[in-house]
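Novice:
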Amino acid sequence: MVLSTGYNKTRTAVFISGTGSNLKSLIKFSKTNKSPITIEIVISNNSKAKGLDYTKKYNIKKKVLDFKNKNLTENNLLIILKTNNIEMICLAGFMKILSKNFIKKFKGKILNIHPSLLPKYKGLNTHKRALNNKEKYSGCTVHFVNDRLDSGKIIMQKKVKISKKETEASLAKKILFQEHKLYPKAIIKVFNL
Ligand code: GRF
3 MVLSTGYNKT
13 RTAVFISGTG
23 SNLKSLIKFS
33 KTNKSPITIE
43 IVISNNSKAK
53 GLDYTKKYNI
63 KKKVLDFKNK
73 NLTENNLLII
83 LKTNNIEMIC
93 LAGFMKILSK
103 NFIKKFKGKI
113 LNIHPSLLPK
123 YKGLNTHKRA
133 LNNKEKYSGC
143 TVHFVNDRLD
153 SGKIIMQKKV
163 KISKKETEAS
173 LAKKILFQEH
183 KLYPKAIIKV
193 FNL
């Protein structure tokens with residue numbers, strides 16, 4: 003990935019909607035020497051997102067935007083990102099679908115983490131569907147975002163074994179643990195592509 007604005011590290015925004023455990027792992031990673039990114043701002047569509055607490059703890063800017071009028075919100079968002087010289091976006095449990103137009107503006111610069119082995123189980127309820135289908139394995143995927151849901155080029159995946167006694171909750175926990183390790187690795191990979 004080519005840096006465009008001459009900063010030492012790539013200025014990144016993380017978009018969240020909920021707990022923010024991936025945000026936390028990305029913040030920790032961003033503070034290490036090996037990180038090619040800094041996290042400059044956190045965007046949330048949900049003012050009650052627990053993950054927003056990390057912005058306070060780690061002294062990172064935050065912006066809450068309600069996506070009721072998507073066009074308007076995305077236009078505001080583009081201004082916010084530009085003002086903050088944001089070059090890359092990491093989606094981390096962000097529950098809104100970004101428009102084609104928005105994605106075009108950050109073409110090849112938006113990453114997402116998804117809790118399944120894509121292309122299997124795009125969308126919601128991935129663990130439930132994997133268990134219902136008696137899968138032996140599931141996992142997580144970091145991919146580039148394009149204008150089709152969970153369909154962009156895959157960067158990295160981590161497979162986990164589904165045990166006989168697996169429940170939705172236990173599988174979610176197992177996969178989330180791997181997500182926290184996979185996202186930083188995938189970011190490093192992107193910069194070496
Ligand atoms: C993760 O499982 C992620 O893959 C999915 O939403 C969940 C977000 O978890 N897109 P958290 O908010 O990072 O804890």
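Sequence positions in the sequence shown follow this note's numbering and run 3 to 195.
All C-beta atoms in this analysis are idealised placements derived from N, C-alpha and C, irrespective of residue type, glycine included.
#1: What distance in whole Å lies between the Cβ atoms of E89 and K111, which are believed to be in contact at a cut-off of 8 Å?
#2: Does DSSP put K166 in a helix, a strand or coil?
#3: CB of S23 to nearest heavy atom of the ligand GRF: below 6 Å?
#4: Between the stretch 140 to 152 and the stretch 92 to 109, can you find at least three pairs of beta-carbon atoms closer than 8 Å?
#5: Compute the beta-carbon to beta-carbon distance between L126 and L113, rounded to the nearest angstrom, for a pair I have assumed lies under 8 Å.
#6: Once DSSP output is grouped into helix, strand and coil, what is the label at A174?
#7: Taking the straight line between their C-alpha atoms, what separation do you get for A51 and S19?
#8: Restricting to runs no shorter than 4 residues, where is the alpha helix (DSSP H) found entirely within the stretch 42 to 76?
#9: Using the Cα positions of Q159 and T128, report the straight-line distance between them to the nearest angstrom.
#10: State the Cα-Cα distance for the pair C142 and S118, rounded to the nearest angstrom.
#11: Spell out the partners DSSP gives H145 in its beta bridges.
#12: Grab me the residues of N86's own chain with a C-beta within less than 6 Å of its C-beta, minus the 5 sequence neighbours each way, in chain order.
#13: In whole angstroms, what separates the C-alpha of K175 from that of Y60?
Specialist: With the structure as the only source:
#1: 6 Å between Cβ atoms; contact.
#2: coil
#3: yes
#4: Yes: at least three Cβ pairs fall under 8 Å.
#5: Contact doesn't hold; Cβ gap of about 19 Å is too wide.
#6: helix
#7: The straight-line gap separating the alpha-carbon atoms of A51 and S19 is approximately 6 Å.
#8: 55 to 59
#9: 15 Å
#10: 5 Å
#11: Answer is N114, I156, bridged to H145.
#12: E42, I43
#13: 24 Å
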